[in-house]
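From first to last, the protein sequence lines are chains W and H.
Each residue of the first sequence is one higher than the last, beginning at 0 in numbering that gives the first Met the number 0.
Each residue of the second sequence is one higher than the last, beginning at 0 in numbering that gives the first Met the number 0.
Where a beta carbon is used, it is the ideal one built from N, C-alpha and C, also for glycine.
Protein chains: 2
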Amino acid sequence: MSIVPPEQTSESIDQLGPRARRASHQVMGLPAATRNQALVELARLLAAQSQQILEANTRDLAAAERAGVSGPKLKRLGLSAEAVANLAAGVRAVAGQPDPLGGVTRQWRSPSDLIVEKVRTPLGVIAMIYEARPGVTVDAFALCFKAGNACILKGGREAAETNAVLLGLIRRALGQFGVTADAVQLVTSTDREQLKVLLADRGNIDLVIPRGGEELIRFVAEHSRIPTLQHFKGVCHVYVHAAADLDMAERICVTGKTSSPATCNATECILVDGAIAEQFVPRLVAAYRAVGVEVRGDAQVCRLGGAAVQPAGEQDFGCEFLDLVVAMKVVGGKFGAGSMEQAIEHIHRYTSDHTEAIVTADPVAADTFVRAVRSSCVLVNASTRNNDGGALGLGAEIGISTSRLHAYGPMGVQELTIERFVVRGQGQCR
Amino acid sequence: MSIVPPEQTSESIDQLGPRARRASHQVMGLPAATRNQALVELARLLAAQSQQILEANTRDLAAAERAGVSGPKLKRLGLSAEAVANLAAGVRAVAGQPDPLGGVTRQWRSPSDLIVEKVRTPLGVIAMIYEARPGVTVDAFALCFKAGNACILKGGREAAETNAVLLGLIRRALGQFGVTADAVQLVTSTDREQLKVLLADRGNIDLVIPRGGEELIRFVAEHSRIPTLQHFKGVCHVYVHAAADLDMAERICVTGKTSSPATCNATECILVDGAIAEQFVPRLVAAYRAVGVEVRGDAQVCRLGGAAVQPAGEQDFGCEFLDLVVAMKVVGGKFGAGSMEQAIEHIHRYTSDHTEAIVTADPVAADTFVRAVRSSCVLVNASTRNNDGGALGLGAEIGISTSRLHAYGPMGVQELTIERFVVRGQGQCR
């Protein structure tokens, strides 16, 4: 039996922001213990009501199949009992993280002897716009609420039944601690014109985070009048330097491409130092071929890699393949002359500001690369897929930002807060 | 003799972003010593060429007067020899500040034993949109450059001659250290359609800061596809609590309104605790009257303040008067019942998230107020005009942000940088 509410009209969309703003005043004031207890209760409910969630998800899956959805999109929509248990565990982990709020991060005295403090405070109201994956509903709520924020969630229409059940459980957990249901609201409208109304509510919404395909993210970035944080795509480069351990380099290049090719932190382009190209290119091409990866190379890679290499077109550099395809290029001369400069220039030209890596045993080369390349995450001797909130030890991640503002790179609970000024005086006027 | 270049066309506007982006790669890599030396040289040139600056400014003033500009706008356009000396001193002070870049702000080990660092890095390219005041050209460049950023500056058309001279001096200083002239570019077009072209260049510009009247700021916020930080207005409240030192409260209320009424941190509304209203309202009304401030009060203030008080309309609360006018309201009953709650509710309803103050000798009341009110700066026993980068000890300020993102409150050099991830591994793949 469906429990999906009717779609919102323009009048009801209008009300989401003001309601969230009022709710945010309550959520901001909740002690850490209350926020954490509500999250623990949500984790308990998710585990206890796993069956109800899976039944709703089955209805969503059936409807999606009837509508002709298939492949990866259908897969992202599906939840298993194990996935629900993981969601519950994730919420419990967020509850267990240190409180990001209230701490005085800096304190000093002003020239007129005011005591100035910077204090961590919630952002207020966060709107999250995403696609099919229903787990995001739970993750996004947990992170926003942990950081003292109200949230407005817009998931994919395909997940409507699952999201409605998850919303019910979240509100049940909140209700047990006297927290208003408006602390989390779902956008049920599927009309993009209505979404534009929401994205114009600068007075009530403090941050918009879009997550999903590039088309969705561009739509949100284009129409939002509210600050948005996102990455459009991840074109991640690996530079294999002359001083690289070639076994390590091969592992980093191959797993970075193959372990999850459709993710934003997958490796898309390999730059090989000219000094080791004759030795390394044939070996890496063979390794890619063995696991079914198509290599598109520049003229030198074609020469060194033989028939297994497709000639790269200009569009293959800077391309996010999201598939078992990789671009490859030799940078610098046979004795390595100009290699670092060319690698950096290539990355400056094609970077998506997401993730780049260097493989080298030479610490000076590593430092040169790290200083010159300004992407949100620069790795030395590790695969690009390590750029992930969980892998880097942030606990959980609400997204990765390539905006050079507020947050640059993976965003955890801390990034859902802001520092404000608290000033104590003895009557100072000016 | 005018040295103003011709206005940019849409083709040349298109080029500002890409040129700034290329320049930013050089500026990002400059050592702190080079950045500081170039600023010191600029300060020297400003002092040495004061006469040239003042002559250009005289031409701007004459043209503005011919065009019918008068009053505060004309005043903001004018520079004196003392003002130029102050600009030079300001640039020297920025050069003397600690380097905001390169420091490792946090370091930890990830679950897979990666060494993860967060490192301060420049934003990249900053566009500053402002009005008549030519001094902003120098201040904005100095702050952006100190933090390793390239900048694009759009001042008011009235200041075209002065800004052209200032740009020449800035580029001369940069040139002496081999820094490309594109590290600072002026928008000379006065066409708002051209400005929209600039505001759409998300790929090359990382941050837009509009400063000036609310109309300009709303135009920029509406049309920018690039993250913007700004405040639209400052509706600053002072809550005089029952436990206030009334002498101090009077000083804070009166100077906060009168010392510079046209600034965003001037006091616009006084909330008086009901428990002290009979004693304090007549006194404060008389003090305001003595310095020519018009008081617009609610019914109780009218009753207590007598004929000197104008009855406030609904539009007077939440109003940024920018003039010698103040709104006043009694909150809570005669014995103080509900006063704090009503003050907080009033502020939640009318706040511009800019600045609020409480006057009280009771630390518990102060803490309650500070926790509940979430404006960018909350002051205890100090006037609202203390919310200013200089007054709070930030050194210099490029603006005040009431966006709850990236920066909330006064923005100094530190706020023109961002933390990114640098990760060192030993071959970790995933």
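Note down, in chain order, every chain W residue with its Cβ under 8 Å from the Cβ of I251 of chain H.
G426 and C428
DSSP beta-bridge partners for H236 of chain H?
H:C268 and H:E355
Determine the contact status of A504 of chain W and G426 of chain H, defining contact as a CB-CB distance below 9 Å.
Within the shown structure, residues of chain W are numbered from 0 to 429, placing residue 504 of chain W beyond reach of any answer.
Residues of the stretch 411-425 of chain H in Cβ contact with chain W at a cutoff of 7 Å, in chain order, please.
I417, E418, R419, F420, V421, V422, R423, G424 and Q425
By DSSP's criteria, L185 of chain W is part of a beta bridge. Which residues make up the other side?
W:L152
Which residues in the same chain have their Cβ closer than 7 Å to the Cβ of Q36 of chain W, if we skip the five residues on either side of it in sequence?
F176
Does any CB atom of chain W fall closer than 9 Å to the CB of R108 of chain H?
yes
State yes or no: is the C-beta of A265 of chain W within less than 9 Å of the C-beta of R348 of chain W?
no
Give the secondary structure of T350 of chain W by DSSP, where H, G and I count as helix, E and B as strand, and everything else as coil.
coil
Does any CB atom of chain H fall closer than 9 Å to the CB of D272 of chain W?
no
In the DSSP assignment, find the unbroken alpha helix (DSSP H) run with L197 of chain H in it and report its ends.
R191 to L198
For G123 of chain H, the three-state DSSP class (helix, strand or coil)
coil
Neighbourhood of S23 of chain W by C-beta, 6 Å cutoff - its chain only, sequence neighbours within 5 removed
G123, V124 and A149
Which word fits E313 of chain W, buried or exposed, when buried means at least 16 other C-beta atoms lie within 10 angstroms of its C-beta?
exposed
Would you say P409 of chain H faces chain W, with C-beta separation under 9 Å as the test?
yes
Over what stretch of residues does the alpha helix (DSSP H) that includes S109 of chain W continue unbroken?
Per DSSP, S109 of chain W belongs to no alpha helix (DSSP H) and is neither H nor E.
Would the beta-carbon of S374 of chain W fall within 9 Å of that of H353 of chain W?
yes
Residues of chain W with CB under 9 Å from L113 of chain H, in chain order?
L378, A381, N385, A390, L391 and G392
Could you tell me the distance, in whole angstroms, from the CA atom of E319 of chain H to the CA atom of A88 of chain W?
49 Å
Presumed contact (8 Å Cβ cut-off) between R119 of chain H and P99 of chain H, rounded CB distance
6 Å
Pick out the complete alpha helix (DSSP H) segments inside the stretch 279-313 of chain H, 4 residues or longer, and give them in chain order.
298-304
Backbone secondary structure at G89 of chain W - three-state DSSP:
helix
Should R18 of chain H be labelled buried (16 or more other beta-carbon atoms within 10 Å of its own) or exposed?
buried
For A416 of chain H, the residue or residues it bridges with in DSSP
Checking the sequence, you will find Thr at residue 416 of chain H rather than Ala. The partner list for T416 of chain H (beta bridge, DSSP) reads H:P121.
Taking the C-alpha atoms as reference points, what is the distance between I151 of chain H and G411 of chain W?
32 Å
Is DSSP giving R384 of chain H helix, strand or coil here?
helix
Presumed contact (8 Å Cβ cut-off) between D430 of chain W and V196 of chain W, rounded CB distance:
Absent from the model: residue 430 of chain W. The displayed extent of chain W is 0 to 429, so no value can be given.
Taking 9 Å as the threshold (C-beta atoms), are R370 of chain H and G28 of chain W in contact?
yes
Are there three or more Cβ pairs, one per stretch, closer than 8 Å when the stretch 393-403 of chain H is compared with the stretch 217-229 of chain H?
yes
I want to see whether chain H comes within less than 9 Å of E431 of chain W, judged by CB atoms only; does it?
Only positions 0 to 429 of chain W appear in the structure, and residue 431 of chain W is not among them; the question remains open.
Does L404 of chain H have its Cβ less than 9 Å from a Cβ in chain W?
yes
In terms of residue numbering, what span does the alpha helix (DSSP H) encompassing K256 of chain W cover?
L245 to T257
Locate the beta strand (DSSP E) running through G167 of chain H, then write down its first and last residues.
No beta strand (DSSP E) holds G167 of chain H; the alpha helix (DSSP H) holding it covers A159 to G174.
Going by DSSP, what residue range makes up the alpha helix (DSSP H) through S49 of chain H?
S49 to R65
Taking 9 Å as the CB-CB limit, is D181 of chain W close to chain H?
no
Can you give the beta carbon distance from G147 of chain H to R34 of chain H, rounded, assuming they're within the 8 Å contact cut?
7 Å
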